[in-house]
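Structure, as structure tokens:
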Amino acid sequence: MGTALMEARAVGKSFDSGDVLVDVSLRVERGEVHCLLGDNGAGKSTLIKILCGVHAPSRGTLRFEGRDVVFASPREALDCGIAAVYQDLALLPLMSITRNFFLAREPVRGRGPFRRVDWRRARAVAQGALHDLGVDVRDPRRAVGTLSGGERQSLAIARAVHFGAKLLILDEPTAALGVVQTTRVLRMVRRLRDRGLGIVLITHNVRHACAVGDRFSVLDRGRLRGTFARDAIEVDALQDLMAGGQSVDAWTRELG
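Printed below as a string of structure tokens:
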């Protein structure tokens, strides 16, 4: 195999309460959707925070585009090309689509004391970036609070891609969405993969993962239970691994 876009090698993380991650290795290729699965408390959030610079690993190494990296902050990871879209989306509902898209990075024109925001260009860029991902917004001056959940998710993703993300980390992007909006977001994930981005998709929903995933890694209480190619494991087997190795059917029978 060639040089991976991102590698985590034997990464561990300890807090005062003890080990949260133990010897976790993960490899993400360009043009791949790598799904990270696990129950609550499995360590998914800690791992993605290490990948995007929120936490430093206690042990192990990170490599990005073939070189060792150490991130002191999320800004350093973002400058390197790693962007995370969390469940809260970091959007301001009362501000416009355009303002949320740029958030203090608006294009300007003029010089010196005559510098000012080029709002016409800003609106065109925001509208075009969303259109490229299959979302048509008639008026980018609309407040974000008027958008649907799927449209907000699309805005957060389009913003990350526009500002240079090579590795996109999506934290439960379909968790609060309906069926139609979920389909649109998953279709967008496929489109970004086809453009050559590496995507880490964190989800509890195995069927959503299987709809777009190329590889699947399952975490259980801070340890990696395995990484599987798409054609190497069935949906039910993934679900059972997430349940700690016990069949979901067995749980269902036990409950009633």
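Yeah, the sequence shown ends on 1254 if you go by our numbering, and it's all consecutive.
Where is the CB? At the ideal position from N, CA and C, for every residue including glycine.
For residue i, which residues in the same chain have their Cβ closer than 6 Å to its Cβ, ignoring the five residues on either side in sequence?
{"i": "P993", "result": "The shown model of the chain, from 999 to 1254, leaves out residue 993, and the question about it has no answer."}
{"i": "S1012", "result": "S1056"}
{"i": "F1069", "result": "G1051 and A1075"}
{"i": "F1099", "result": "A1124 and R1157"}
{"i": "R1221", "result": "V1020"}
Of all the options the options, which has the alpha carbon lying nearest to the alpha carbon of residue i?
{"i": "L1153", "options": "P1111, A1054, V1083 and R1191", "result": "V1083"}
{"i": "D1234", "options": "D1169, A1207, A1054 and V1115", "result": "A1207"}
{"i": "M1004", "options": "G1211, N1203 and G1196", "result": "G1196"}
{"i": "I1048", "options": "W1117, I1167, S1146 and G1000", "result": "I1167"}
{"i": "Q1085", "options": "C1033, G1041, L1145 and L1175", "result": "L1175"}
{"i": "E1030", "options": "S1015, G1039 and R1189", "result": "R1189"}
{"i": "A1006", "options": "S1015, W1117 and V1022", "result": "V1022"}
{"i": "P1072", "options": "G1224, G1064, D1192 and H1053", "result": "H1053"}
{"i": "G1147", "options": "M1240, R1193 and T1181", "result": "T1181"}
Assuming residue i and residue j make a contact with CB atoms under 8 Å, what is their CB distance in whole Å?
{"i": "L1165", "j": "I1080", "result": "5 Å"}
{"i": "L1199", "j": "G1036", "result": "The Cβ separation is near 12 Å, so there is no contact."}
{"i": "V1260", "j": "V1187", "result": "Because the chain here runs from 999 to 1254, residue 1260 falls outside it and cannot be looked at."}
What first and last residue would you give for the beta strand (DSSP E) that runs through residue i?
{"i": "S1215", "result": "R1213 to D1218"}
{"i": "K1011", "result": "M1004 to F1013"}
{"i": "G1224", "result": "R1221 to A1227"}
{"i": "L1024", "result": "G1016 to V1026"}
{"i": "D1234", "result": "Here D1234 belongs to no beta strand (DSSP E); instead the alpha helix (DSSP H) covers V1233 to M1240."}
{"i": "G1058", "result": "R1057 to F1062"}
Using a Cβ-Cβ cut-off of 8 Å (strictly less than) and excluding sequence neighbours within five positions of residue i, which residues of its own chain qualify?
{"i": "D1066", "result": "T1059 and L1060"}
{"i": "R1139", "result": "S1094, I1095, T1096 and R1121"}
{"i": "P1091", "result": "A1141, V1142 and G1143"}
{"i": "R1185", "result": "G1132"}
Please work out which residues of its chain come closer than 7 Å, Cβ to Cβ, to residue i, disregarding the five sequence neighbours upstream and downstream, and give them in chain order.
{"i": "L1128", "result": "V1135, S1152, L1153 and A1156"}
{"i": "L1253", "result": "Residue placement at L1253 is flagged as unreliable, the pLDDT there being 38, under the threshold of 50; the coordinate-derived value follows with that caveat. Contacts found: none."}
{"i": "N1203", "result": "T1172"}
Considering only DSSP beta bridges, list what residue i is partnered with.
{"i": "I1048", "result": "Paired residues: none, contrary to the question."}
{"i": "E1030", "result": "G1196"}
{"i": "R1114", "result": "R1107"}
{"i": "A1141", "result": "S1094"}
Along the alpha helix (DSSP H) that carries residue i, what are the first and last residues, could you check?
{"i": "F1099", "result": "I1095 to F1100"}
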